[in-house]
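Notes follow the structure.
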Amino acid sequence: MDSGARICRRCLLADMADRRPLYELVREYIESLDEDIRTGETVYRERLAVCRACEYLNAGTCAKCGCYAEARAAKKYTSCPDVPPRWMTEK
Ligand code: SF4
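The sequence shown begins at 248 in my numbering and counts up by one.
Shown next, in the form of structure tokens:
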């Protein structure tokens with residue numbers, strides 16, 4: 248039976264109304280990160296724009312590493328897990 252819910256493969260958690268509670272948890276996690284390790288807002292948005300266009304994004308999760316893309320992108324020291332990486336660590 249079709250529940251009417253559709254999975255948006257190329258969406259981040261922030262883009263999916265039915266994932267709002269999970270998104271709020273991820274946002275809380277991101278906001279709890281120390282300023283020293285949290286990605287700057289401009290770089291964060293640039294990273295997520297790349298993820299949104301990536302075939303490995305699957306309903307908010309990166310199929311390459313299993314992370315929520317928003318959580319992975321929020322840390323300066325991480326890079327995209329693809330080879331070669333589609334975005335790099337923040338300097
Ligand atoms: S982290 Fe890299 S591989 Fe994963 S969804 Fe984003 S761009 Fe794609």
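Note that beta-carbon positions come from the ideal geometry of N, C-alpha and C, so glycine has one too. Predicted model only: the values in this text are computed from it and were never measured.
{"Query": "What residue range is occupied by the uninterrupted alpha helix (DSSP H) comprising Thr289?", "Result": "Glu288 to Arg299"}
{"Query": "Are the Cβ atoms of Arg257 and Leu304 separated by less than 9 Å?", "Result": "yes"}
{"Query": "Straight-line CA distance for Ala316 to Tyr270?", "Result": "11 Å"}
{"Query": "Considering only the alpha carbon of each residue, which of Ser279, Ala264, Lys311 and Ile254 lies closest to Val330?", "Result": "Lys311"}
{"Query": "With distances taken Cα to Cα, identify the nearest neighbour of Arg333 among Asp283, Ala296 and Thr289.", "Result": "Ala296"}
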